[in-house]
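Protein chains: 2
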Amino acid sequence: SSLSTIKVTKTSLSPDSIINLDQGDPTLFEPYWRRMGDKCTVVIGGCDLMSYFSDVSNICWFLQPQLGDAIKRLHRVVGNAVTEDRHIVVGTGSTQLLMAALYALSSPADRHPVSLVAAVPYYSGYKDQAEFLRSGLYKWAGDAHTFDEDGPYIEIVTSPNNPDGAVREAVVNREEGKLVHDLAYYWPQYTPITQPLDHDIMLFTFSKCTGHAGSRIGWAIVKDKEVAKKMTEYMVISSIGVSKESQLRAAKIIGVLSEYCQHFMTADSENFFEYSSSILKERWGRLRNVVKNSKIFSLPKYPQGYCNFSGKYTDPNPAFAWLHSKEDIDWESLLREHKIIARSGQRFGAGPKYVRISMFSPPEMFNLFLERLSAIIVNTNGNVVT
Amino acid sequence: SSLSTIKVTKTSLSPDSIINLDQGDPTLFEPYWRRMGDKCTVVIGGCDLMSYFSDVSNICWFLQPQLGDAIKRLHRVVGNAVTEDRHIVVGTGSTQLLMAALYALSSPADRHPVSLVAAVPYYSGYKDQAEFLRSGLYKWAGDAHTFDEDGPYIEIVTSPNNPDGAVREAVVNREEGKLVHDLAYYWPQYTPITQPLDHDIMLFTFSKCTGHAGSRIGWAIVKDKEVAKKMTEYMVISSIGVSKESQLRAAKIIGVLSEYCQHFMTADSENFFEYSSSILKERWGRLRNVVKNSKIFSLPKYPQGYCNFSGKYTDPNPAFAWLHSKEDIDWESLLREHKIIARSGQRFGAGPKYVRISMFSPPEMFNLFLERLSAIIVNTNGNVVT
Numbered sequence: 021s022s023l024s025t026i027k028v029t030k031t032s033l034s035p036d037s038i039i040n041l042d043q044g045d046p047t048l049f050e051p052y053w054r055r056m057g058d059k060c061t062v063v064i065g066g067c068d069l070m071s072y073f074s075d076v077s078n079i080c081w082f083l084q085p086q087l088g089d090a091i092k093r094l095h096r097v098v099g100n101a102v103t104e105d106r107h108i109v110v111g112t113g114s115t116q117l118l119m120a121a122l123y124a125l126s127s128p129a130d131r132h133p134v135s136l137v138a139a140v141p142y143y144s145g146y147k148d149q150a151e152f153l154r155s156g157l158y159k160w161a162g163d164a165h166t167f168d169e170d171g172p173y174i175e176i177v178t179s180p181n182n183p184d185g186a187v188r189e190a191v192v193n194r195e196e197g198k199l200v201h202d203l204a205y206y207w208p209q210y211t212p213i214t215q216p217l218d219h220d221i222m223l224f225t226f227s228k229c230t231g232h233a234g235s236r237i238g239w240a241i242v243k244d245k246e247v248a249k250k251m252t253e254y255m256v257i258s259s260i261g262v263s264k265e266s267q268l269r270a271a272k273i274i275g276v277l278s279e280y281c282q283h284f285m286t287a288d289s290e291n292f293f294e295y296s297s298s299i300l301k302e303r304w305g306r307l308r309n310v311v312k313n314s315k316i317f318s319l320p321k322y323p324q325g326y327c328n329f330s331g332k333y334t335d336p337n338p339a340f341a342w343l344h345s346k347e348d349i350d351w352e353s354l355l356r357e358h359k360i361i362a363r364s365g366q367r368f369g370a371g372p373k374y375v376r377i378s379m380f381s382p383p384e385m386f387n388l389f390l391e392r393l394s395a396i397i398v399n400t401n402g403n404v405v406t
Numbered sequence: 021s022s023l024s025t026i027k028v029t030k031t032s033l034s035p036d037s038i039i040n041l042d043q044g045d046p047t048l049f050e051p052y053w054r055r056m057g058d059k060c061t062v063v064i065g066g067c068d069l070m071s072y073f074s075d076v077s078n079i080c081w082f083l084q085p086q087l088g089d090a091i092k093r094l095h096r097v098v099g100n101a102v103t104e105d106r107h108i109v110v111g112t113g114s115t116q117l118l119m120a121a122l123y124a125l126s127s128p129a130d131r132h133p134v135s136l137v138a139a140v141p142y143y144s145g146y147k148d149q150a151e152f153l154r155s156g157l158y159k160w161a162g163d164a165h166t167f168d169e170d171g172p173y174i175e176i177v178t179s180p181n182n183p184d185g186a187v188r189e190a191v192v193n194r195e196e197g198k199l200v201h202d203l204a205y206y207w208p209q210y211t212p213i214t215q216p217l218d219h220d221i222m223l224f225t226f227s228k229c230t231g232h233a234g235s236r237i238g239w240a241i242v243k244d245k246e247v248a249k250k251m252t253e254y255m256v257i258s259s260i261g262v263s264k265e266s267q268l269r270a271a272k273i274i275g276v277l278s279e280y281c282q283h284f285m286t287a288d289s290e291n292f293f294e295y296s297s298s299i300l301k302e303r304w305g306r307l308r309n310v311v312k313n314s315k316i317f318s319l320p321k322y323p324q325g326y327c328n329f330s331g332k333y334t335d336p337n338p339a340f341a342w343l344h345s346k347e348d349i350d351w352e353s354l355l356r357e358h359k360i361i362a363r364s365g366q367r368f369g370a371g372p373k374y375v376r377i378s379m380f381s382p383p384e385m386f387n388l389f390l391e392r393l394s395a396i397i398v399n400t401n402g403n404v405v406t
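Next comes the structure, spelled out in structure tokens:
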């Protein structure tokens with residue numbers, strides 16, 4: 021079969037193994053999709069999907085109509101975003117769409133690049149994206165809390181936030197500001213769905229919704245027609261659209277997800293969001309159990325919220341743990357000594373006393389991580405780490 | 021079935037229909053792949069291809085190994101490029117890879133952006149790509165023939181060239197120059213394959229090789245390891261890799277293509293390159309027949325060449341016709357009056373007396389185009405168009 025060579029090799033971990041918890045690779049949701057058997061299987065013939073075009077009547081002419089429909093249905097079912105009379109722009113992950121949003125919201129007529137801000141701790145990728153091409157359209161201006169320049173600016177509001185899981189709102193709140201809401205984690209497995217959001221530009225990604233990171237499918241829900249046009253223009257100049265195969269598969273999987281949410285809500289094991297939140301909840305419980313033994317290390321606390329989707333009060337279970345140390349240590353180096361790779365708080369505009377750890381690792385790896393973290397805590401309990 | 025909604029609607033053309041020959045959408049090769057039945061079909065399960073990662077031991081860690089293997093095999097079979105000991109970087113079309121090459125070849129340490137040049141007539145997209153983000157790393161410097169600035173530069177060499185089909189070599193030839201070879205059309209259906217090319221960075225695209233434009237798969241063959249690393253970095257920052265579904269399907273289709281080239285060379289109808297070149301050859305014959313009746317319009321002439329792949333002398337059959345007028349007319353406007361949309365020579369750095377016309381349109385559309393062009397020629401024969 022065509023897939024025979026792509027099975028992932030399961031590596032068995034040893035006490036010497038390096039554990040990479042730097043990225044948030046969401047393969048832990050794979051067993052759910054395996055259990056769904058061929059309900060989500062797509063079959064693509066050699067002569068299918070050959071054209072650049074999907075729907076020439078749409079502003080985003082490379083969006084497969086069935087993916088646009090599936091996205092709108094899922095948001096209605098989950099209740100996390102308003103899509104009526106909104107434009108959908110599809111991207112190669114929400115990563116490419118953030119670049120498209122910067123392009124759409126900046127103005128070539130301005131002599132000065134527009135400032136891009138996000139509240140600390142901010143997702144490390146934003147700074148890289150804003151700076152790597154040295155664009156004259158926009159420039160990275162760092163922490164939204166300390167931003168005091170006059171003139172136009174763009175603020176990225178990430179909610180729940182990566183790295184720290186906090187529910188957020190815009191910080192600067194000035195008239196000349198434009199907002200991009202990155203809602204990658206505003207799904208029921210990560211946080212209570214308290215209301216359908218209705219911002220100007222809202223970014224979502226298939227990666228964090230269902231765990232299909234390899235498909236590189238993201239979408240923007242956009243209010244303004246001209247902004248949707250300019251975002252589409254960015255996609256055309258930078259890659260002439262987005263993989264049709266991925267779009268087709270995302271449409272299929274998102275369709276099945278919506279179907280199961282609508283018709284099997286009572287059977288928890290059949291509902292993806294119940295399944296994925298139960299895994300994350302169990303992991304968070306175990307991690308908190310380990311960290312509570314430390315006098316110097318801590319995790320953020322999150323308030324419960326009423327989730328309109330599940331119809332009950334739920335705890336947030338973020339995709340990343342944002343570990344803090346009261347004492348003056350360099351978390352990233354300390355973890356590296358214990359063969360754990362994680363991302364330093366410095367990358368997020370916070371200090372080295374913070375570190376971001378993926379909660380998405382394979383089960384065996386997560387177990388080994390907790391073992392090593394327990395050992396670190398025993399070694400450091402009550403002591404300043406040197 | 022999951023594909024039931026994606027069949028392209030065949031619009032039937034009327035004398036009033038607008039004919040769009042602006043883009044080169046290669047759907048004319050679809051019948052070949054349809055005839056292949058399920059030989060190129062891919063089946064992707066709901067739990068497949070979920071990870072960001074494909075091969076962490078490779079510089080381009082998001083490249084599916086079977087796609088890398090299929091690409092190398094195809095180049096060996098066709099004989100158009102050297103791949104031994106070269107790095108393969110996959111992209112969302114060769115469009116994204118050109119951006120990656122500009123990033124990799126420019127230097128953040130330089131105070132001035134590096135100049136990007138291409139010989140007129142150059143592909144219109146290069147200028148857009150170089151300018152749209154106002155990068156401080158590189159700047160568009162136009163025609164390579166008239167380039168006279170000192171210092172480092174990047175020259176894009178497109179061969180066969182888009183728009184005019186010419187076989188090309190580098191023009192500036194100075195020590196401080198870096199070259200990117202865009203070889204999208206260096207396949208047997210477009211031009212004789214005279215030698216395996218072996219340049220520093222060579223770009224190819226699935227779109228023009230087999231006609232699968234919707235998959236958005238391109239690849240770069242790169243000599244230098246550090247350049248391959250920086251191109252990969254561009255892909256990571258701008259989109260965290262490339263659709264795995266498209267990569268899987270491209271691997272399958274390219275694999276079948278190579279297989280048929282190796283084992284069914286004698287049965288012309290079974291060989292994709294024979295099939296596609298026969299369609300283009302027939303179209304070029306009919307187009308030349310129409311244009312020869314004009315005293316003021318002309319098409320480029322191409323020398324025959326010995327094609328190592330087919331083992332015979334063949335005529336080039338470019339993907340675009342590059343029409344020229346001796347008289348002072350604006351081709352784009354003239355065609356538009358006759359409800360034909362084509363791209364003005366001005367977009368390619370040439371004058372409005374040139375126009376680029378896609379040879380890839382559906383058969384019915386190509387026929388109507390020739391009818392209308394005949395009428396234009398009858399109207400203008402020997403006369404200056406006003």
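So the sequence lines, in the order shown, correspond to chains A and B.
In the working numbering, each residue's number is its place in the first sequence (first place is 1) plus 20.
In the working numbering, each residue's number is its place in the second sequence (first place is 1) plus 20.
Glycine is no exception: its CB is placed at the ideal position from the N, C-alpha and C atoms.
- Here DSSP, grouped into helix, strand and coil, assigns D58(B) to helix.
- Taking 7 angstroms as the Cβ-Cβ cut-off, the region 60-75 of chain A approaches chain B at C60, T61, V62, V63, I64, G65, G66, C67, D68, L69, M70, S71, Y72, F73, given in chain order.
- Counting only Cβ-Cβ distances below 7 angstroms, I257(B) has contacts in chain A at D148, Q149, F152, in chain order.
- In this structure, V191(A) places its C-beta atom within 9 angstroms of the C-beta atom of A139(A).
- Buried is the label assigned to I39(B), since at least 16 other Cβ atoms lie within 10 Å of its Cβ.
- Shown here, R376(A) sits in a strand according to DSSP, grouped into three states.
- Within the same chain, T103 come within 6 angstroms of K92(A) by CB-CB distance, once the 5 residues on both sides are set aside.
- Contiguous alpha helix (DSSP H) elements confined to the region 99-127 of chain B occur at 113-125, taking only those with 4 or more residues.
- Short of 8 angstroms from the beta carbon of R106(A), and not among the five residues preceding or following it, lie these beta carbons of its own chain, in chain order: I241, V242, K243.
- If you draw a straight line from the Cα of H219(B) to the Cα of F293(A), it comes to about 50 angstroms.
- Taking 9 angstroms as the threshold, the shortest C-beta distance from H132(A) to chain B does not fall below it.
- G197(B) is bridged by DSSP to Y173(B).
- Contact between the region 316-333 of chain B and the region 199-212 of chain B is present, with at least three C-beta pairs closer than 8 angstroms.
- The C-beta distance from R306(B) to S144(B) rounds to 26 angstroms, too long to meet the 8 angstroms contact threshold.
- Annotation for C327(A): the continuous beta strand (DSSP E) segment containing it runs 325-327.
- By the Cβ criterion, the region 309-324 of chain B is in contact with the region 336-355 of chain B, since at least three pairs of Cβ atoms, one from each stretch, lie closer than 8 angstroms.
- C67(A) and I108(B) have their C-alpha atoms spaced approximately 26 angstroms apart.
- Residues of chain A whose Cβ lies closer than 7 angstroms to the Cβ of W53(B) are, in chain order, G66, C67.
- Within chain A, the residues placing a beta-carbon under 7 angstroms from that of M119(B) are S258, ordered along the chain.
- According to the DSSP assignment, V398(A) belongs to no beta strand (DSSP E) but to the alpha helix (DSSP H) extending over 383-400.
- Rounded to whole angstroms, the separation of the alpha carbons of L118(A) and R154(A) is 16 angstroms.
- Going by DSSP, I257(B) is part of no beta strand (DSSP E) but of the alpha helix (DSSP H) stretching over 245-259.
- Contacts between Q43(B) and chain A, judged by CB atoms closer than 8 angstroms, involve Y72 in chain order.
- About 20 angstroms separates the CB atoms of K359(B) and G365(B); that is not less than 8 angstroms, and the two are not in contact.
- Apart from sequence neighbours up to five positions away, the residues of its chain that approach F49(B) with a beta-carbon distance below 6 angstroms are G231, S296, ordered along the chain.
- Within the same chain, V110, Q267, A270, A271 come within 7 angstroms of L87(B) by CB-CB distance, once the 5 residues on both sides are set aside.
- L277(B) and N337(B) do not touch by the CB rule: their CB atoms are close to 18 angstroms apart, not below 8 angstroms.
- Neighbours of E50(B) in chain A, taken as residues at a C-beta separation under 8 angstroms, are given in chain order as C67, M70.
- Along the region 262-347 of chain A, the alpha helix (DSSP H) occurs as fully enclosed runs of 4 or more residues at 264-283, 292-311, listed in sequence order.
- Restricting attention to L354(A), G369(A), G371(A), the CA atom closest to the CA of A395(A) is found in L354(A).
- Fewer than three beta-carbon pairs drawn from the region 245-253 of chain A and the region 53-69 of chain A are found closer than 8 angstroms, and the two stretches are therefore not classed as touching.
- The Cβ of P172(A) sits no closer than 9 angstroms to any Cβ of chain B.
- For I213(B), no pairing in a beta bridge is given by DSSP.
- Take the alpha-carbon of G44(B) and the one of G197(A): they are about 40 angstroms apart.
- If you draw a straight line from the Cα of Y123(A) to the Cα of F380(A), it comes to about 32 angstroms.
- Assigned with DSSP and collapsed to three states, K159(A) falls in strand.
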